[in-house]
Each structure stands twice: as C-alpha cells, then as structure tokens.
Amino acid sequence: MERAYNPEVVEKKWQEFWEEKKLFRAEWDPSREKYYVLEMFPYPSGSLHMGHVRNYCIGDVLARFKMMKGLNVLHPMGWDAFGMPAENAAIKNRTHPAVWTMGNINQMRSQLQRLGYSYDWERELATCHPQYYRWEQWLFLEMLKRGLVYRKKSIVNYCEPCQTVLANEQVEDGACWRCATPVVQREQDGWFFKITEYAAELLDWCKGLPGWPEKVLTMQRNWIGRSEGARIFFDLENRDRPIEVFTTRPDTLYGATFMSLAPEHPLCLELSKGTPQESAVKHFVNKVLTLDWQARMGENAEKEGVFTGAYCINPLTGRRMPIYVANFVLYEYGTGAVMAVPAHDQRDFEFARKYDLDVIVVIQPDGDELKALEMTEAYADEGKLVNSGEFNGMENVKAMKGIAEKLESMNKGGLTINYRIRDWGISRQRYWGAPIPVIHCEKCGAVPVPEEQLPVVLPTEIEFPESGRSPLPDLDWWVNVTCPQCGKPAKRETDTMDTFVESSWYFDRYACPRYDEGMINIEEVAYWLPVDQYIGGVEHAILHLLYSRFFTKILRDMGLKKTDEPFTRLLTQGMVIKDGAKMSKSKGNVVDPQELIDRYGADVVRLFCLFAAPPERDLDWTSEGVQGADRFLRRVWALAFGFLNLPSDPSVSDGGAEENVRNIRRLTHKTIKKVSEDIEDRFRLNTAVAAIMEFANGISSELYREDGAPPAAVREALGEAIRMLVLLLSPFIPHITEELWEALGEDPGMVRVTWPSYDPKLLETEEVLIVIQVNGKKRGEVTVPVDASDEEVKEAALAQANVKRFVEGKTVRKAILVPKKLLNVVVG
RNA sequence: GCCUGAGUGGUGGAAUUGGUAGACACACGGGACUUAAAAUCCUGUGGGGGAAACCCCGUGACGGUUCGAAUCCGUCCUCAGGCACCA
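For what it's worth, the working numbering labels the leading residue of the first sequence as 13, then goes sequentially.
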C-alpha cells in the first residue's frame, strides 16, 4: 500500500484542510495563557525572496510548537504597504500605486499560503487602508494635544531623486538609505515627533530587555548616545544673551581659548553683521552648506573656518575668546557651539595650529611635562590641573565636578546630560503615505482636522507630474478647504507621514485589526501584548525597533497599553548568502523561492532553511543542501510506510526482545527531550533537526534489522517511535507529517495534538560508558554498571591493557572521577 | 579610532557552557543493485605514522590557569556588522 510521495498534492490537501478547520485562528480568551509570535511584516515588493522565506519558517516552527504546547497562539501577517517603490513603479508603468501594491499583496499572500505558514489570515492588515491609517492620524492629533508633535523649520536631510526629506536614521554614510544618493541639506518646515522626551527611558529600558541580542542593544544605546558633561554660558561682548555650549570636559575650561560655531548656527551671520568679517563669513557659510555630507564630513574633508569678528568671555578666566565658524562643528549635536580647548582636543588642536590660535595646557599627565609650543597633538587623557587657578593640582576627574559647581554658583552653567538622538522628523513630500491630518490657515496657523472628519483619505484620482514629485499639492479640490476654526479659506497639509510610523504600532493593531471604535482595543491589546518573540533582520536594529519602543511608551502614557516594551524576545536572523555574498539582483546570485517550491515543494524548502544554519547566523544556500532535505523527506516517508507494511506473525514470541525495545524507547524519549529543549530554550532549530535525523537513522536500522515479522513488543515500540518522529517533525515540515499522521491512523490537525513529553525513567541506563584518561589524555573507555562505586570504576579502568601501559612504573598521584562520564588518572 | 560578534575537516555546521573535538548533513572515494545511467542501499572519510593494536599532531597565533581548555584569563592577528570630527 505504499504510495509515492507527491508534495504538490499532499501540500495542497493539507493547506485546504487547515483553512477549512480554521486551525490557526487566534481567539481572545483570558482564561488561556497566550503566546504572540511575530515576524517583521514585509513590504509588498512583488514576490517573496529567500530572506522572507527563512524569516517566516523560523517563526512558523515556534508558532506551531507553542500551539502544540497548548498555548493560545497569535501568529499574524500583514503588509507594510506605503512607500516609495509603489510610486516609482506607478510612474514607470503608468499605473496607480494602489493597484500595483494590491497586486503585489495578492501575489505574495498566495506565495505565503503555498508555504503553509500558520497565520491567522483573518487578522491580515495593510497599512495603506484608510481603516488602518485613520488611527495613525488620530494618534498624531492626540500627540499634538500632548505636545509630542511639533512643527519647525529646520535644516533637513534631503534626497533629490526621492524628492523627500529623510530622518537622521535613514541617512547611511551621508547617503539615502533607499537609493544611496548623497543627501543634501535644505531648510524646510516639517513635523517632528518628540522622541527625545523619551531618550532617558529608552536608554534605561535597554537593561530590561534580556531577551534581545546584545548587539542590538548596544546599537540602540549608541544611537541614543547619552553623555554626561556640563553646559556653560559664555557672555558675548556687546550682547545680552550668552552663547551656550555643551562639553564633556568642563575640567579643561581654563584652557578654552576660542569658540567654534556650526555654519548652520544663526549667530554666525548675526555676529559678523557690520564687522569687516561679514562677507567672508557669508561666503564661507554658503560654501559649506551647499556641500553634500561626504564633501563636508567625509574622511578627506579638512578642518577649516573663518573668524566671525566677534568675541565671547571665558567665565572663569575672563579671557576674550574669538568666535569662529568651523565646518566640522555639528549644528545638530549639543548646542551647535563648542568651546575650543586646543591643548586637549585633537580637532581644536588642528584648528588652532592652522589659524595660529593660542594653546594653553591645563591638564598635566604624570611623567613628561607637556609644553604648549612643543605639542604635536592634543593630550586628551587624564592628569592633574595646571594653569587653572584654585583647581591647580587637582585630578582632572575630580575637577569636573568642582568646576561645574563653581559655574553653577556664578549662574554660568552646571552639570547636565546630553543625548545624541534627535527628534524624529516624519514629514515626507510624497504621495503614497498616510496624509498628515492638519489644515494650514493664514490666521489660525496649523489647525488639526476635527476628529469626526478622520480619516483624511488619500485621494485616488491623481496624475503623477513629469517631474516625479508628489501630485498632492496640485490637487486643488483636495488642497483648498475651509479652516475648521475660523471658516476662512485654508490649505490642507500635503506632506504624508514617514512609513516607519505605520510599522511602529502594527503589532498592536493585530490584536484587534477590525476594531473601529478606537485605535486599539485596550482589553485585547492588554491580553496579547507584548510580543513574546519577534523575528526579523538586523537591518532594523535601530530604526524600526527604536520607533516601536517609543510608540509603546506613548500609548502606555495615554492609557492605551499596559506594557513598557513591545517585544520581550528578539531574534535577528542572518542573511541568506550564496557564493559568499548576499543574494542580490546586481550580483546575479538570487534564488527564487517560487522555483524551488514548484520543484521540491514547501516542506523541502522549509527543512533546508531550518537545518543548514542556526537562525541567527548567515545561511549559505546550496542546491546540494536542498537535495539533501528532499532525500530526508523521502526517507521519512519510506520509513513510515515501511513500518505500516511490516509483516505480522502472532507466533513470533517476545522472548529476547527486551533490550531492543528498551533501546528503541530510550532513543525515542531522548529525542523528545533534545528537540523540545532545542526549540524552546535555545532556539537552535538546526540541532533539533539533526537530532530528529539521528532518530530516523536509529529507527531505520531497527526497522530493517531482520526480515520477517518482529515480535509484538518491538512492533509496538517502533510504532511509538514512528509516531513521535512524525510529531516532532510536524512544526518543521507540516504537510508531509499530516499525511503520514493520517496514514498511521491518527486524527489530522497536528497543531491540536499535544506536544509529547519524555519519560525520564526511560532515559536511565543500567550501564554507563566511562572515558579513561591518563594525565588528561584519552587512553581507553570502559562500560560499568551505573551504580558502580568509585573504587569499582577505578579498578575496571586500571585493568585495561592500554591504560596499564601508561600507568606502569609510575605512581598514581590521584584519580579524578566525573560521575557517569570520565575518569582521569594522574600519574607522575 | 570606538563598540558588537565570529575564527573548528574539502563544505554548512555539532560539542546542552571546563570532561571522548568533528554529532547531523553536504561533497568526495570504494562496493552492491543495473545492459548502462540515475535513484536507492552498504561502507570509508581531520592530518601524519603503522599490517594491526595503537601512537603522535590538531579548534586563527603565542603564552597562562587547571588533573583536564574549542570553551576561562592575557597579548596579538584576521574577518563580518554597527557607530564614527558627538565637543
């Protein structure tokens, strides 16, 4: 009765079965323990790539495993559907972004379904639907009320080809994260989310995320960039308001000889006005601001600047410090102004030497005395203060506090903490995104769209201008509205939100995707969240994960969520590699998952992805490896039917079969233990599969031990083994296992079958193998009864001929016995 | 430069945390079946020596701790990723 294994038929059959029985539907049920598994939702680019497949395979094993463990599992899927590629495709193919996006979603959904993932498709969502983004608009307005959103004119990163502003997080090496074009600086109005308000909490909570990879936490910490230091006010000559600076080295204040301003700093032009320096400053500022990031800040950029013509006063020394504009000063960090201490800061040192400015040593190291005139580089390390008035002789670390206190008493500053992270600019001059729900009125300013008018639906009747810019500002009927406050003519905001806003809360919406009385249903979100296991690529280590954490804290403070953090455990899976490089179209090493599925079936693809490497490491794709997975599946199939076809003969007695039975059962239960621990505790799916392969090998050699009918007891043990084999494999390769499970006479729907537990008694053995070492080198092994005494083990070991050879003629100093494992005889 | 990781056979990777290094698989060699090939099954496979029993060497390098080190400590090398004129 053996059938041939036909993956296409088998897989379709069971996918239909699961769908019909609604096996993956997650229902809110506070009486049950929940488990939320989430893989980062995809951008609907057109078709799945191997990276998606791997990501979702890992999540699916966990989801199915937890279902079998009896937990109430939420395992949803949806679409990060707004974004630039849809617009580019629309312009290129003369179609509409919505049409292109929905077509892609349909194709990718059917690919996901073809892979047999255990998603609750009833919870599917797409961020481009008004039912989704209306709540994002609602949240925007709530944040506006709470002062967490504000509008400001600022110098922003701008990408010309994408014709849009980019967040700091979206600039990589001075270039656009999407199209790699160098970004330019530009002054523009835009909306900002006040993520800086949560900087301290976001940083502190890094300690509260033990389930996250250290690498990701470190990246987040660095991004937030906390540094302790002091703020110091420097009075300006002929002006009331002082310049404020931030420094991590207040101990060097006595050595500050000049001041540097970022070219963006408004004081540059203001201070130089009317001085002989005015035109030189204008010229310099202009020049620097039009450079792209690489040219200004790149490795080859030289430090340069010009004098503004103005002076400020060192609050402790009274020294007149010339104020310079310098290209290397960052406007975005600290206050955009820096006190320059050339003796103890390399940048200031280079600048001072170039423009012949004073260098004053104020920190003297132990040993050789620093002399300002002889220095070739700045000394930035520790030492004792000199030339620093009352602080002379003090350790510089102690002086920081002393000087800060003195400044405080003079009302000239004090200790402070500065963060590197900036507020999140969310305005995008693009069409395919969620409209920002604001109306600009000449009289009333920026007025929120009244809540009852939400959602502000993105107009669908549009024409893309030749230039490629957003069509929204040209849509007169949409733009021209009346002010909700004064009723006069007003204009709608035409910017849309950064797509990272949508992905910052989609995991909450999965808990209540059809809820229409609010952004989220507090009760359901309180039950399902946080996500117990989140899985995705490490490329989102900063952006998406930080924004999501920020949103969770906002929603918590609004009373909508009860948790502090969105994701309890995080797994960053490795890339899929082929021929030593990441799969990419430009390298021509892309493997299309669809072709593989068509050829081998979903189970083979799944098994290969899970077996070839541990989840967090890069996966090296080889076609031989895929064939190996295919071979294994066919062996399992043959094994199950081999068992079913075993001849039966009641006259064969059980006599003498006890040991066989014991061995089979021990292997069975050992494997259950190993696989359970590998999935649950270690997330090492590759070794779980390896253990199952060993199990299959073991069953195979027992099954084909001899021709003819086996004793009934052996048949029974083999039956248990085969059933367990199929059960343990089911989260990995769910289709073939359902088919075999059914063939074995069991009820299908394996996610409802309880995950097996092992019987510790069956793991016990009567004898154990002891490795014998002499002076730490293996010289033999001996099998002894488990309950053998230490003396008996020693005796048995020393009786071995090879051991004798190495012990003879020497004195045994001691013998170290590791129970049930090893004996090391130390001789000398 | 700073911060994370990681270096183990021909290859992907094991070694459950200090106790038999190389599980499992891929590739390759030998054999069986076949007219032949594919598939399948059996078998070998870190390097060196030996007929064999066994022995020596071996986890990026060199030291150290220990009865015992891939694992812990120190110094260094290489690779990958992140941050980078952050005052």
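Just so you know, even glycine gets a beta-carbon here, dropped at the ideal spot from N, CA and C.
Small disclaimer: the values here were computed from a predicted structure and weren't measured.
Alpha carbon of residue i to alpha carbon of residue j, nearest angstrom
i              : j              : result
leucine 643    : aspartate 520  : With the sequence shown as reference, residue 643 is identified as arginine, and leucine is not the correct amino acid for it. Spanning the two alpha carbons is a distance of roughly 42 Å.
threonine 511  : cysteine 140   : 10 Å
cysteine 385   : proline 334    : Contrary to the premise, residue 385 reads as leucine rather than cysteine in this sequence. In a straight line, the C-alpha of leucine 385 is about 20 Å away from that of proline 334.
leucine 834    : proline 772    : 22 Å
valine 617     : glutamine 125  : 14 Å
lysine 832     : leucine 775    : 14 Å
serine 57      : valine 469     : 23 Å
lysine 413     : aspartate 263  : 8 Å
glutamate 28   : lysine 599     : 38 Å
leucine 265    : asparagine 100 : 53 Å
lysine 816     : glutamate 671  : 33 Å
aspartate 252  : cysteine 324   : 11 Å
glycine 667    : asparagine 709 : 25 Å
serine 421     : leucine 328    : 12 Å
aspartate 802  : leucine 829    : 7 Å
alanine 187    : threonine 347  : 24 Å
isoleucine 375 : glutamate 394  : 7 Å
alanine 242    : valine 161     : 28 Å
valine 391     : histidine 356  : The sequence shown places tyrosine at residue 391, rather than the valine named in the question. Each residue's alpha carbon lies about 5 Å from the other.
leucine 739    : leucine 221    : 33 Å
valine 603     : glutamate 714  : 39 Å
leucine 151    : alanine 416    : 41 Å
tryptophan 189 : glutamate 551  : 11 Å
isoleucine 711 : glutamate 689  : 21 Å
Cβ-based neighbour list, residue i, same chain, cut-off 6 Å, excluding 5 preceding and 5 following
i                 : result
serine 482        : Gln441, Arg442 and Tyr443
proline 225       : Thr584
aspartate 370     : Thr269
proline 605       : Leu60, Met62 and Val65
valine 780        : Val798 and Lys832
phenylalanine 476 : Ile103 and Pro483
Member of the options whose CA lies at the smallest distance from the CA of residue i
i                 : options                           : result
phenylalanine 361 : Leu715, Phe340, Thr193 and Leu756 : Phe340
phenylalanine 53  : Ser598, Glu199, Met570 and Leu137 : Leu137
phenylalanine 319 : Gly310, Val293, Ala313 and Gly330 : Val293
aspartate 132     : Asn492, Ala38 and Arg163          : Ala38
proline 278       : Val297, Val161 and Phe363         : Val297
glycine 63        : Gly549, Gln639, Val300 and Ile438 : Gly549
phenylalanine 902 : Met155, Lys46 and Val726          : The question about residue 902 has no answer here: the residues shown for the chain are numbered 13 through 840.
valine 461        : Gly437, Ile433, Val491 and Asn533 : Val491
glutamate 778     : Arg764, Val300 and Ala800         : Ala800
cysteine 524      : Glu536, Val513 and Ser479         : Glu536
arginine 629      : Cys621, Ile734 and Asp610         : Cys621
tryptophan 40     : Leu679, Ala352 and Tyr539         : Tyr539
tryptophan 112    : Lys418, Ala98, Gln119 and Arg121  : Ala98
phenylalanine 176 : Glu249, Met509, Glu276 and Val765 : One point to set straight first is that residue 176 is threonine, not phenylalanine, in the sequence displayed. Measuring from the Cα of threonine 176, the nearest candidate turns out to be Met509.
leucine 127       : Pro377, Ile748 and Gln143         : Ile748
serine 439        : Ile433, Lys500 and Asp507         : Asp507
Proximal residues to residue i (C-beta, below 7 Å), its chain only, five neighbours per side dropped
i             : result
histidine 452 : Ala458, Ala502, Lys503 and Glu505
proline 627   : Ile70, Leu583, Gln585, Phe695 and Leu697
valine 794    : Ile782, Ile784, Ala808, Ala809 and Gln812
glutamate 407 : Lys396
tyrosine 770  : His681, Ile684 and Lys685
Own chain partners of residue i with C-beta closer than 8 Å, once the 5 adjacent residues on each side are dropped
i             : result
methionine 13 : Reliability of the predicted coordinates at methionine 13 is poor, the pLDDT of 45 falling under 50, and the value obtained from them is presented with this limitation in mind. These residues qualify, in order along the chain: Phe653, Leu656 and Asn657.
valine 543    : Tyr48, Val49, Leu50, Phe519, Pro578, Phe579 and Thr580
valine 819    : Val786, Leu810, Val837 and Val839
- Message: Measuring CB atoms only, is the region 94–105 touching the region 704–720, in the sense that at least three cross pairs come out at less than 8 Å?
- Response: The answer is no - the region 704–720 does not touch the region 94–105, with fewer than three Cβ pairs under 8 Å.
- Item | Inter-stretch contact at 8 Å, needing at least 3 Cβ pairs: the region 387–406 / the region 153–171 | no
- Task: Would you list, in sequence order, the uninterrupted alpha helix (DSSP H) runs of no fewer than 4 residues that lie entirely inside the region 769–802?
- Result: 772–775
- Message: So, does the region 199–209 touch the region 157–168, judging by three or more C-beta pairs under 8 Å?
- Response: yes
- Every unbroken beta strand (DSSP E) within the region 36–87, with a cutoff of 3 residues, ordered by chain: 46–51 and 84–86
- Query: Can you list the beta strand (DSSP E) stretches of 3 or more residues lying completely in the region 109–180, in chain order?
  - Reply: 161–171 and 176–178
- Task: Would you check if the region 75–82 and the region 103–116 touch, i.e. whether three or more CB-CB distances between them fall below 8 Å?
- Result: Taking 8 Å as the limit for Cβ pairs, the verdict is that the region 75–82 does not touch the region 103–116.
- Contiguous beta strand (DSSP E) assignments of at least 3 residues, all confined to the region 542–618: You should have 543–549, 579–585 and 588–590.
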